[in-house]
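First comes the structure, then the notes that go with it.
Number of protein chains: 2
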Amino acid sequence: MSISEIQTRRVFEESAPLVLSSSETLAPIDVAYQSMGTISPKKDNVILLCHALTGDSQFAGTRDDGSPGWWNNLVGPGKAIDTDRYFVICPAVLGTCHGSTGPASLNPKTGSAYARDFPMITIEDMVRCQQELLRQLGITKLYAVIGGSMGGMQALSWAALFPDMVQRCIPIASTAQVSPLAIAFDAVARQAILSVDSPGCEGLSTARMLGHITYLSDVLMDHRFGRSLQDREDYSYTFDSDFQVESYLNYKGRQFAERFDEATYLYLTRAVSYFDMEKEYGSLQAAFEKSTARFLVISIRSDWLYTPEQSKQLVHSLMKLNKNVSYIDIDSHYGHDSFLIDNRALEESLYVFLESRSHVT
Amino acid sequence: MSISEIQTRRVFEESAPLVLSSSETLAPIDVAYQSMGTISPKKDNVILLCHALTGDSQFAGTRDDGSPGWWNNLVGPGKAIDTDRYFVICPAVLGTCHGSTGPASLNPKTGSAYARDFPMITIEDMVRCQQELLRQLGITKLYAVIGGSMGGMQALSWAALFPDMVQRCIPIASTAQVSPLAIAFDAVARQAILSVDSPGCEGLSTARMLGHITYLSDVLMDHRFGRSLQDREDYSYTFDSDFQVESYLNYKGRQFAERFDEATYLYLTRAVSYFDMEKEYGSLQAAFEKSTARFLVISIRSDWLYTPEQSKQLVHSLMKLNKNVSYIDIDSHYGHDSFLIDNRALEESLYVFLESRSHVT
Chain A
200 MSISEIQTRR VFEESAPLVL SSSETLAPID VAYQSMGTIS PKKDNVILLC HALTGDSQFA
260 GTRDDGSPGW WNNLVGPGKA IDTDRYFVIC PAVLGTCHGS TGPASLNPKT GSAYARDFPM
320 ITIEDMVRCQ QELLRQLGIT KLYAVIGGSM GGMQALSWAA LFPDMVQRCI PIASTAQVSP
380 LAIAFDAVAR QAILSVDSPG CEGLSTARML GHITYLSDVL MDHRFGRSLQ DREDYSYTFD
440 SDFQVESYLN YKGRQFAERF DEATYLYLTR AVSYFDMEKE YGSLQAAFEK STARFLVISI
500 RSDWLYTPEQ SKQLVHSLMK LNKNVSYIDI DSHYGHDSFL IDNRALEESL YVFLESRSHV
560 T
Chain B
200 MSISEIQTRR VFEESAPLVL SSSETLAPID VAYQSMGTIS PKKDNVILLC HALTGDSQFA
260 GTRDDGSPGW WNNLVGPGKA IDTDRYFVIC PAVLGTCHGS TGPASLNPKT GSAYARDFPM
320 ITIEDMVRCQ QELLRQLGIT KLYAVIGGSM GGMQALSWAA LFPDMVQRCI PIASTAQVSP
380 LAIAFDAVAR QAILSVDSPG CEGLSTARML GHITYLSDVL MDHRFGRSLQ DREDYSYTFD
440 SDFQVESYLN YKGRQFAERF DEATYLYLTR AVSYFDMEKE YGSLQAAFEK STARFLVISI
500 RSDWLYTPEQ SKQLVHSLMK LNKNVSYIDI DSHYGHDSFL IDNRALEESL YVFLESRSHV
560 T
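Chains as they are written, first to last, in this note's numbering: chain A, 200 to 560; chain B, 200 to 560.
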């Protein structure tokens, strides 16, 4: 299967640090990444995967705990993203706690974790680190860059920041400009973390519960949970988790808080809130003006975090620029997280779009 | 204007306590209420107003801080709910911190506030206290019972619990069965409160920020805030409230935490989560079987907390029972809280429905 172990590479040394969007500098920066497939002699078959908020570089294979990589269902030999043809690489983003440099990393100046001393980062900063990694690996063209949610924001930034490198750009369940509703939810999530003084993971658990609600749809909640009670016949008349939906969210929150870093959650949600290509480039037109990529914009019908409406606005902007843009709205009632779930329409549109040769340069 | 000061009446003495839905007993119970208008000799012009989660008995007139009562725009002489014709009374619900007995009240057994020793209460318990108040005031018929959000749940419970008393029932932006989505949001809100050990109001502030998001619509958020920054030209690259929407929610959260009681918020949201007329009565048909009321069900187009879909389901159930039911979906983009805002369609439908004489007994 030619699937790699997770590797780590130093992409910025202290002698030449990365200048962040905030104008601060950061070094050293390490990037962890996984790859699958074989790179062609011309290095013209590289697909970059960009992961979502709490994702990591492990898109394929099996984790230590036995669970599969986050896109194992879509990426592999003979799958929608076919590793018999493509060399697929996925770096953990700058700022995460999964191997790349982030708030959970050791600050060489203090010898302890950066935590809230980490500088603020943006989606663009993440992309710059990815580009430096690829440059060091001798990769100068991307057959495609693909990502869901925060990963889609990275994909769009790639097309804007490195227009000559990106041949195909596929943002899924994403947006070019994060909405006030999404900003508001993340502000509450951070407040839940920041208001808990004591060490522990209560605040992060609350934040994740809230995030999780926004990843589901109300229809899915009705179908999956309804008002069913958890292991009881009647209300407890206490503040315990009487309802299945409460119990589920509590479990998800606690489980997440055990594996994720609190400061990391603060930084990554902030990077998402800051994502606004209109602000960054003046307009969406200006952002994508120089891009020669073909775009496949994919939205999820029941996604109320980054809505189909937002994807359509992006498509309209790209059409106005006379870009080659396809759009599909996936009819799933699983909500925002649908892109992580087996979905035939998603598989097919990725496969067809990637295999079509019309634009290969 | 014959508007009363807030009055308080003891409705349950320790010698004869209220048996709650949970089977626990509670006494003493005081109920604070405000009234406006003149009761007719036959006492056949009484309209009961039921307030929402964080509301109180002060529906009219001016508060100490100069702000108007919560339905001052709709209730008064010559207004939609015309106090030249009707005697309007609004009790503060059992469990709130606005004059009626609740978690913030003194527990006579300990001499300090009940706080989390208060027994769990339900919407039905609130209604039983209101009914006892009215009984003591010699009121045996309600020309109408009207309420928005949690107030609408009380109005519906009135029609089910006291079918002979209610002539008109008007639930607004409400539901007969709280959805898993609404349960989920309230579970997160309570978790935010319960996870903050230290005294202070950080948890309550977070909870309110979240609640506030669910009272607005995404369209309203786009229109009112967009991605505008608060008193700055560019991002701060900190966790401060850079965005207007963040600043607004923070302000609302802090302001609320100063005037409201933390334990009260826990209890009232739990009462809402527990509200389920299907569970309570076996079915909606069984719930309303004996009611002779005319119903006016009002939903708000942009309300995603208690959706128009839920109101329509209620209307269908009432139609199946051959009840006299009218329905209006108000085309407002202000979200759930639209019923508290000046709205001509709401005013007119209330006025017309109340004035129509066809069914007066």
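Beta carbons are placed, not taken as given, at the ideal position from N, Cα and C, and that holds for glycine.
The beta-carbon of ILE412 (chain A) is placed less than 8 Å from the nearest beta-carbon of chain B. Around the CB of ASN521 (chain A), fewer than 16 other CB atoms lie within 10 Å, so the residue is classed as exposed. Three or more Cβ pairs closer than 8 Å define a contact, and the segment 399-415 of chain B meets that threshold against the segment 455-463 of chain B. Measuring C-alpha to C-alpha distances from SER220 (chain B) to each of B:THR321, B:GLY310 and B:ALA383 identifies B:THR321 as the nearest. Exposed is the label assigned to GLU488 (chain B), since fewer than 16 other Cβ atoms lie within 10 Å of its Cβ. With respect to the 8 Å criterion, ILE382 (chain A) and VAL444 (chain B) are classified as neighbours on the basis of their beta carbons. Runs of the alpha helix (DSSP H) lying entirely within the segment 400-427 of chain B, each at least 4 residues long, are 401-414 and 417-423 in chain order. For the beta strand (DSSP E) assignment, the uninterrupted runs of no fewer than 3 residues enclosed by the segment 354-402 of chain B are, from N- to C-terminal side, 367-371. Per the DSSP secondary-structure output, SER498 (chain B) pairs in a beta bridge with B:ASP528.
Within 7 Å of the CB of GLN512 (chain B), no CB atom of chain A is found; the nearest one sits about 11 Å away.
Checking the DSSP bridge columns, you'll see VAL210 (chain B) has no partner listed. Of the candidates A:TYR533, A:ASP530 and A:ASN271, the residue whose Cα lies closest to the Cα of ILE202 (chain A) is A:ASN271. A Cβ of chain B is located within less than 8 Å of the beta carbon of THR405 (chain A). In the three-state DSSP reduction, ALA314 (chain A) falls in the helix class (H, G or I). Straight-line measurement puts the Cα of ILE246 (chain B) at about 55 Å from the Cα of LEU545 (chain A).
When secondary structure is reduced to three states using DSSP, ILE280 (chain A) falls in the strand class. For PRO290 (chain B), the pairing in a beta bridge is given by DSSP as B:TYR232. By the neighbour-count definition (other C-beta atoms within 10 Å, threshold 16), VAL218 (chain B) is an exposed residue.
At a cut-off of 8 Å between beta-carbon atoms, LEU217 (chain B) makes no contact with chain A.
DSSP places ALA343 (chain B) in the strand class (E or B) of the three-state scheme. Pairing VAL395 (chain B) with SER440 (chain A) gives a Cβ-Cβ distance that is not under 8 Å. TYR434 (chain B) and THR295 (chain A) have their C-alpha atoms spaced approximately 21 Å apart. Per DSSP, the unbroken alpha helix (DSSP H) holding CYS328 (chain B) starts and ends at 322-335.
Against chain B, a Cβ distance below 9 Å from GLY534 (chain A) picks out nothing, because the smallest value is about 11 Å. Close to chain B, meaning a Cβ-Cβ distance shorter than 8 Å, are the following residues of the segment 370-395 of chain A: GLN376, VAL377, SER378, PRO379, LEU380, ILE382, ALA383, PHE384, ALA386, VAL387, ARG389, GLN390, ALA391, LEU393, SER394 and VAL395. Cβ neighbours of MET349 (chain A) within its own chain (closer than 6 Å, five residues either side excluded): ALA251, LEU252 and VAL471. Residue-level contact by beta carbon fails for TYR313 (chain A) and chain B, as no gap is shorter than 8 Å.
Non-local C-beta neighbours of GLU323 (chain A) in its own chain, meaning closer than 8 Å and more than five positions away in sequence, comprise SER220, SER356, LEU360 and GLU479, ordered along the chain.
Taking 7 Å as the cut-off between beta carbons, the residues of the segment 414-428 of chain A near chain B are ASP417, MET420, ASP421, PHE424, GLY425 and ARG426, in sequence order.
Distance from MET364 (chain A) to LYS340 (chain A) at the Cβ level is roughly 6 Å; contact confirmed, criterion being Cβ atoms closer than 8 Å.
Relative to ASP281 (chain B), the option among B:THR261, B:LEU517, B:THR237 and B:PRO290 whose CA is nearest is B:THR237. For TYR473 (chain B), at least one C-beta of chain A is nearer than 8 Å to its own C-beta. The contact set of VAL551 (chain B) on chain A, defined by CB atoms closer than 8 Å, is empty, because the minimum CB distance reaches about 32 Å. Distance from the CA of TYR342 (chain A) to the CA of GLU212 (chain A), rounded to the nearest whole angstrom, comes to 28 Å.
Under the Cβ criterion (8 Å, minimum of three pairs), the segment 498-513 of chain A counts as touching the segment 372-386 of chain A. Checking the DSSP bridge columns, you'll see CYS249 (chain B) partnered with B:GLY346.
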